[in-house]
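FYI, the numbering for the sequence shown is 3 to 963, going by the numbering used here.
Heads up, the beta-carbon is just placed ideally off N, CA and C, and yes, glycines get one too.
Quick caveat, the model's predicted, so the values are computed rather than measured.
Worksheet: one structure, shown below.
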Amino acid sequence: MPRKETPLGGGDGPLLEFAAGLRQLRRSAGSPPYRKLAERAHYSISTLSSAASGLRLPTLAVTLAYVSACGGDPQEWERRWRETAGRLGGQRTGPGTAQETQAPPPYAGLRPFREQDAQWFFGREQLVEELVGRLARQRFIVLLGASGSGKSSLLRAGLAPALRPSAAPVLLTPGPRPLEECAVRLGALAGLAPGGLYRELREDPENLGRVLRQTAARSGGPGGPAVLIVDQFEEIFTLCQDGCERGRFIEALVAAADRPGGCRVVLGVRADFYAHCTRDSALVEAMREAQVPLGPMSPDELRRAVVKPAQRAGLTVEGALLATLTAQAHGRAGVLPLLSHALLETWHRRRGNLLTLAGLEAVGGIEGALVKSAEAFYTSLDAEQRGAARRLLLRLTAPGVGTEDTKRRMTHGELEKDAVTVAVVERAAAARLVSLDEDRIEITHETLISSWPRLREWLSADRDQRRAHHRLTEAAEVWAAAGEDAGALYRGARLQEARRLAEADDVGLSAREQAFLGASLAAEAAEIRSTARRTRRLRVLLATLGLMTVLATVATVLSVRANREITRQRNDAVALNAAAAATRTYAADPETAVQLALAAYRLRPRRTTRDALLSTLMTTWAAHRAEAYTLDVSDDGALLAVGSRDHTVSLWDIRDPGRPVRAGTVTGHTEAVHALALSPGRRILATAGADRTVRLWDAARPVRPAALSVLTGPGGGVHSVAFSPDGRLLAGGHRDGTVSVWGIGNTRRPQRRAALGGHTDTVRSVAFSADGRLLATTGQDGAVRMWDLGGPGGPSPRATWNAHELGVFWAEFHPSGRLLATAGGGREAVRLWDVGDPDRPRRVSGITGHSDVVGHLAFSPDGRTLATASDDRSVGVWDVGTPAAPRVKAVLSAYATAVMGVRYTPDGRTLLTGVFDGTVRLLPTDFGRSVAHVCDGGRPSLTRGAWHRHLPGVPYRPPCG
């Protein structure tokens, strides 16, 4: 009969409701034992039972595996899991709550970081330092990056504050009239009238440098150079329709940087507008040595961008959350606004001071958080408000021509004043989809344009109509700014296009646009285009075409330099993708996986790609066709024993690690073999299983193992066995929480010496200290119990402590005997304990690198390395030479299922790993030698097709060709 589950605690919270639902699903499936569920789901018994314990929310992957094993509906349970995660993560607290009033969010969300947000800006410190250094040597710098790569935040919250102590930075965005924007911003700082300054800048662009120096002098600073920072420089191409003003603005910027006097100019430009910049010869010359490419954040930069703001706000980022965010954002140039928005939404759903993976998954992850926020805003509106929202967002978007769509700012005067539109604007601002200031309104970030499917659908519906509406809006603004000058009115084809636009049902024209269109229609009959004007336009067109031909040649030369940096960034991303592909394809095509991993390592040699290569270099064979549960190696390193669900133990000759040979098979158990051990000094094999027996075998002749005796105990099935160092005692842990100790001096007539109690659940491991005096037992109840076997009165308890939150699945003594390693579940899946004083064990350190429970571990013979086997389908190799500060040496992956066991050969030269799917893998521990000799033995070369499929854009150079 299956063992009954521990009753759920009292209460009716979302976690208990979810656990109760899983248990009801299992009952509906006929209450199969967790052992059967583990066979179907390919997760360990402990992982599946913990999923329905009500103690914590299982991961989505574990939940779906549990549901599938019980015959449930995965889609329904995925919905229920996300609903529970959202309820556990908490609802968004409103901006008026005391909590958020006292604690401003450490993340900016969609909007860029501003100068006042500098305390929360992390991750780009190295690039800020580079920009400051270059400004000390150069007068003109162009920062190039993709949309969403963080240019605005870098300039506003990184560079500007860094310059403040020694310089006087002035930051602006061009808008539709860049020279006018300069006049307004600089006039206020220099004490000049904006109108007069605007005329001076148009008449003589060199006046910009003079005003900048005057501004720096009035600032009362330390006398450093004046610095003009122009963010979103691409607006001079998307919003500025006046070619003359655009040219004057560029001329003024170049002149300010060229004139002696110390002025500096920094431009932030979206990368897809690089070609637009090359159309001005003066700008091309200024940019020649001034380009600073902004690529994706490195993993360390991403870690700082996620963790540092939280630490400054007194918060903690869950390790699983950090790993997920780093994996999803790494190598993606435009992902930063999505990352910042997801972090902001996760912050709103934090648990106390902890930002959790459940909070992120509750908002849909990096990709789904923004969409979820935008959809929540839209669905909260009524039908009339939704129409107003659609018109508002379309007005705030400038359609791209040969480029991506961009955002545009609109004045409050352009906004309709009806109650519906005002309410929609206020709700969009509250949802952080748009930002408002005293004069203008704009979409918070262009990522909303590319990431929200509903807005993309609106934008794609009739792009020609949208471009026409955008042109009408800009023309109406120019007409109004010019005092309703008749020369600014529409004529000819544009006027006919605007007339059709006004007749469309789904386009709402503003009052200004309607007035402009009416004036254009009234003047249409009285205006005729002059031949001279057509001739001038034709000459300008021909001159422009000629200039573009010349500049295209110059642009080709300039692009070579930019391509070098792009190639380096591409190689990083390609190498990581190829390494991941190698581990995925290892099971199906090992030779191709080795070649692919080696190519990735040589393209970008780092630990991540090296670990992927090592994962493909392991000698692999199927020890059993059924699931494997346990393994051990003899003290001479020649014999490997593997226990399986098929009731047998396979014996393997591994004296040549590259060519293991089956030496024999042990039969006799009537159910699955859960545990086994090989005795030191002599080849006595102990096997234990679900049939409630422990059997001793003489394995001196592996081809024909001889049965010695059968041991039984009152504790039910046996889940762990271990020999004492002298081979005279055998300990076994039972399912009912008891431990039996037998004397096996006479292996044919073992004597039961003691029965040790105390555990309240299955004893998962037993371990003797190096001197045989101490016995450590661990249980699924989360406890470790230490016993002294050397006393005259028999075994006596020394200490008991809770080592892990979700059970202790394995324990092993360090060769010195002063250190005990435990494996289990929870935040720290592995912990090291000082047991020099057995009565007062002390935690030394914890290891947090695994994303699921660790079920097995082993020290190397010299005690300097610890190997850990996890249900997350990986093996961690850790340097524990300094136990207080373990360091990762390697993470081996490419496993198809959970890893059930690890062992070192006695000489420490080989690491053995057993896999739940019945396979065994061997890897030499000299990682450097393994990598250096990959091509020995004539491996087949990677084909051109495979190369170009996995390493696109990289010249074909097969590593073993």
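Would DSSP call residue i helix, strand or coil?
i: Ile451; result: helix
i: Ser283; result: helix
i: Phe239; result: helix
i: Asn748; result: coil
i: Lys310; result: helix
i: Gln93; result: Summary for Gln93: the model assigns pLDDT 45, below 50, so the residue's position carries little reliability; its value from the coordinates is reported in the next sentence. It is coil, neither helix nor strand.
i: Asp881; result: strand
i: Met788; result: strand
i: Pro926; result: strand
i: Ala772; result: coil
i: Met902; result: strand
i: Gly857; result: strand
i: Ala138; result: helix
i: Val69; result: helix
i: Pro301; result: helix
i: Pro1; result: The shown model of the chain, from 3 to 963, leaves out residue 1, and the question about it has no answer.
i: Arg844; result: strand
i: Val1; result: Nothing can be reported for residue 1, as the shown portion of the chain is limited to 3 through 963.
i: Phe815; result: strand
i: Leu544; result: helix
i: Thr86; result: helix
i: Glu673; result: coil
i: Gln293; result: strand
i: Asp274; result: helix
Leaving out the 5 sequence neighbours to the left and right, which residues in its chain are closer than 7 Å to residue i when beta-carbon positions are compared?
i: Ala581; result: Ala599, Ala602, Thr610, Thr611, Ala614
i: Gly73; result: Ala31
i: Ala120; result: Ala159, Pro163
i: Ala22; result: Leu10
i: Arg664; result: Ser652, Trp654
i: Phe142; result: Ala259, Val267, Ala288, Ala292
i: Val309; result: Val319, Leu324
i: Ala195; result: Gly189
Whose C-beta lies closer than 6 Å to the C-beta of residue i among residues of the same chain, with five residues either side of it excluded?
i: Pro960; result: Ser943, Leu944
i: His816; result: Phe861, Gly865
Could you give the C-beta distance for residue i and residue j, rounded to a whole number, given that I count them as a contact under 8 Å?
i: Asp966; j: Gly729; result: This structure leaves residue 966 out entirely; the chain is present only between 3 and 963.
i: Thr399; j: Ile451; result: 6 Å
i: Ala948; j: Thr594; result: 6 Å
i: Leu616; j: Ala329; result: Rounded, the Cβ-Cβ distance is 20 Å, inconsistent with contact.
Nearest by alpha-carbon distance to residue i: which of the options is it?
i: Asp700; options: Ala688, Arg694, Ser522; result: Ala688
i: Gly336; options: Arg697, Ala292, Leu112, Val768; result: Leu112
i: Leu435; options: Lys409, Arg306, Tyr631; result: Lys409
i: Leu680; options: Ser652, Ala674, Glu673; result: Ser652
i: Gly827; options: Leu913, Ser51, Gly963; result: Ser51
i: Met620; options: Val596, Ala630, Asp634; result: Val596
i: Gly56; options: Leu146, Glu19, Arg305; result: Glu19
i: Arg657; options: Pro298, Lys38, Thr907, Val267; result: Thr907
i: Thr921; options: Val904, Thr927, Val933; result: Val904
i: Thr850; options: Ala557, Pro607, Ala325, Ala625; result: Ala325
i: Leu181; options: Asp244, Leu914, Gly520; result: Asp244
i: Asp1; options: Val144, Ala257, Pro196, Ala371; result: Coverage of the chain is limited to positions 3 through 963, which leaves residue 1 absent and any answer about it impossible.
i: Ser48; options: Gly760, Asp873, Ser561; result: Asp873
i: Gln77; options: Leu62, Ala87, Leu914; result: Leu62
i: Val696; options: Val480, Pro707, Gly715, Phe770; result: Gly715
i: Phe725; options: Thr667, Gly718, Gly735; result: Gly735
i: Ala170; options: Arg89, Arg220, Ala589; result: Arg220
i: Leu560; options: Arg706, Arg829, Val286, Lys419; result: Val286
i: Pro455; options: Glu416, Glu369, Phe770, Arg539; result: Glu369
Do residue i and the ligand GDP come close, with the Cβ less than 7 Å from some heavy atom?
i: Ser52; result: As for the ligand GDP, it is missing from this structure, which has no ligand bound.
With a threshold of 8 Å between beta-carbons, can residue i be considered close to chain D, or not?
i: Glu202; result: This model lacks chain D altogether, as it is built from one protein chain only.
Excluding sequence positions up to five away, which residues of its chain have a Cβ less than 8 Å from the Cβ of residue i?
i: Glu41; result: Glu629, Arg647
i: Arg627; result: Asp648, Gly920
At least three beta-carbon pairs within less than 8 Å, the stretch 68–88 to the stretch 953–962: no
Cβ contact check for the stretch 731–739 and the stretch 705–712: 3 or more pairs under 8 Å: Two segments are said to touch when three or more pairs of C-beta atoms, one from each, lie closer than 8 Å; by this definition the stretch 731–739 does not touch the stretch 705–712.
Sufficient close CB pairs (3 or more, under 8 Å) joining the stretch 796–813 to the stretch 840–849: yes
Cβ contact check for the stretch 167–186 and the stretch 195–215: 3 or more pairs under 8 Å: yes
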